[in-house]
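For reference, each letter of the sequence shown is one residue, going -19 to -1, 1 to 77 in mature numbering (1 follows the signal peptide of the UniProt record, and there is no 0).
One structure is given below, encoded as C-alpha cells.
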Amino acid sequence: MSKWLAGLALLMTSLGANADTMRCGSTLVSVGDRAFEVLRKCGEPDQRDEVGYLLGGYDRRELRVDEWIYGPRNGMLSILTFEGNRLVRIETQRAN
C-alpha cells in the first residue's frame, strides 16, 4: 500500500501544479491580473506562445489564448495562461 501511495505522490508532483499566485521578486501576480500588470511586475517572459483562440461570454467574443513561460528558475518553470489579456492559470513544473 505504501508503494502505491508513494507512486501516486510522485505522479502528482511530476504533472505540475496549479497556483493562484506567483512571486516575482518582491511582488505577486494573481489569476485575474491583466497582461500589462504581469509585465510590469515580472518583466518580459523567457518565451511567449500563441496557443489559439476560444469563444467566450454570452456575446460570443473570440479571445486570444497565450502562454508565457518564465524560467527555469531554481529548476522550475512557471507557465502563465492568458485568455483575452487576463491571467487565467498559473502552472509550475520541473524543468527537464
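Every residue, glycine too, gets a C-beta built ideally from N, C-alpha and C.
Using C-beta distances below 7 Å, list every residue in its chain close to A16, excluding the 5 sequence neighbours before and after it, in chain order.
F63, N66
7 Å Cβ cutoff met for G52 and L44 = no
For this session: Enumerate in chain order the residues of its own chain whose CB-to-CB distance from residue 115 is below 8 Å, with the five nearest sequence positions on each side excluded.
Result: The structure shown does not extend to residue 115, since the chain is modelled only from -19 to 77, so the question has no answer here.
Exposure of D14, with buried meaning 16 or more beta-carbon neighbours within 10 Å: buried
**Asked** Who are the near neighbours of L68 in its chain, counting only those whose CB is closer than 8 Å to its CB and skipping five residues on each side?
**Response** V10, S11, V12, G13, D14, R15, A16, V19, L61, T62
Notebook entry, point to check: In this structure, does DSSP put E64 in helix, strand or coil?
Noted result: strand
Note down, in chain order, each residue of its chain lying with its Cβ closer than 6 Å to the Cβ of N(-2), except the 5 sequence neighbours on either side. E72
**Prompt:** Alpha carbon to alpha carbon, how far is D30 from L58?
**Reply:** 14 Å
For A16, report the span of its alpha helix (DSSP H) as first-last. 16 to 23
Worksheet item: Where do the ends of the beta strand (DSSP E) carrying G33 lie?
Response: 28 to 37
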